[in-house]
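Numbers 2 to 178, taken from our numbering, label the letters of the sequence shown in order.
Don't be surprised by glycine CBs; every beta carbon is placed ideally from N, CA and C.
Because the structure is a prediction, the values reported are computed rather than measured.
Reviewing the structure listed below.
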Amino acid sequence: MNMEEQMEQRLWDYIDGLGSPDEVSAVAALIAANLEWQRKYKELLQAHQLMAGAELEAPSMRFTKNVMEEIARYQVAPATKTYINNNIIRSIGVFFLLMIGGMLIYFLGQLQGGNGDSAPSPMSQYSQTLQNNLNKFNWGKIFSSTYMNIFMMINVILALVLIDMYLQRKRKEHSHH
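Right under this line is the structure:
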């Protein structure tokens with residue numbers, strides 16, 4: 002900080018009433034003794050009085066409404082329904098449903114694979130075999146995988162989003178009628 006900036010800072014502190022009593026008396030002595038300090042003090046005091054006397058303009062009561070009307074004159078982006086292709090959304094939904102179906106088929110294949118029977122059995126034997134396979138199947142082996150947990154969480158979240166979108170669409174259709 003050069004001498005000019007330091008002098009100006011000390012004078013502003015003096016005008017604002019900041020600083021210790023020793024500092025205030027030292028600045029008062031410099032103003033009384035030094036012509037340059039007197040000149041700068043008068044200049045800063047005049048600027049201070051101008052700022053103190055200036056009244057800040059308040060915005061008009063309609064300021065917000067005027068701004069919103071100005072914004073309304075410009076073209077607003079269309080609703081997402083007009084620029085999102087529904088076929089893409091449907092294909093993503095079908096993809097995830099196929100993935101979930103594939104996982105279920107894989108799990109059922111794991112259940113049947115441990116038996117060794119390839120011949121179809123009557124329904125009562127099938128339910129007994131299924132019950133035996135479920136009892137001896139190691140579920141921890143499948144669901145302890147980090148990738149499987151991430152996959153299942155993503156599918157659950159996407160399923161909830163799809164259900165929410167479906168319910169919102171039904172609610173909108175119901176409210177329009």
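Pick out whichever of Ile155, Arg11, Asp17 and Ser176 has its Cα sitting closest to the Cα of Phe96. Position 95 of the sequence shown holds residue 96. For Phe96, the closest of Ile155, Arg11, Asp17 and Ser176 by C-alpha to C-alpha distance is Ile155.
So is Val28 buried or exposed if we call it buried at 16+ other beta carbons inside 10 Å? Indexing the sequence shown from 1 puts residue 28 at position 27. Here Val28 is buried. Its C-beta has 16 or more other C-beta atoms within 10 Å.
Can you give me the Cβ contacts of Tyr15 inside the same chain, cut-off strictly under 7 Å, excluding the 5 residues immediately before and after it? Taking the sequence shown and counting its residues from 1, the one referred to as residue 15 is at position 14. Excluding residues up to 5 positions away in sequence, Val25 and Val28 lie with their Cβ nearer than 7 Å to the Cβ of Tyr15 in the same chain.
Is the beta carbon of Leu1 less than 8 Å from the beta carbon of Tyr42? The structure shown does not extend to residue 1, since the chain is modelled only from 2 through 178, so no value can be given for it.
My understanding is that Leu45 touches Glu6, with C-beta atoms under 8 Å, so please give their C-beta distance in whole angstroms. Numbered from 1 along the sequence shown, position 44 holds the residue referred to as residue 45. Numbered from 1 along the sequence shown, position 5 holds the residue referred to as residue 6. In fact, because the Cβ distance is near 13 Å, the residues do not count as touching under 8 Å.
Please state the DSSP three-state secondary structure of Ile85. Taking the first residue of the sequence shown as 1, we reach residue 85 at position 84. DSSP places Ile85 in coil when its eight states are reduced to three.
Segment limits, alpha helix (DSSP H) that includes Pro22: Here residue 22 refers to the residue found at position 21 of the sequence shown. Where Pro22 is concerned, the enclosing alpha helix (DSSP H) stretches over Pro22 to Ala34.
If Gly94 sits next to Leu163, beta carbons under 8 Å apart, how far is it from one beta carbon to the other, in whole angstroms? As a first step, residue 94 is located in the sequence shown; it is residue number 93 there, counting from the start. As a first step, residue 163 is located in the sequence shown; it is residue number 162 there, counting from the start. Sure, about 6 Å apart at Cβ, within 8 Å.
Taking the alpha-carbon positions, what's the Asn150 to Ala78 distance? Residue 150 sits at position 149 when you count from the first residue of the sequence shown. Residue 78 sits at position 77 when you count from the first residue of the sequence shown. When rounded, the distance between both Cα atoms is 39 Å.
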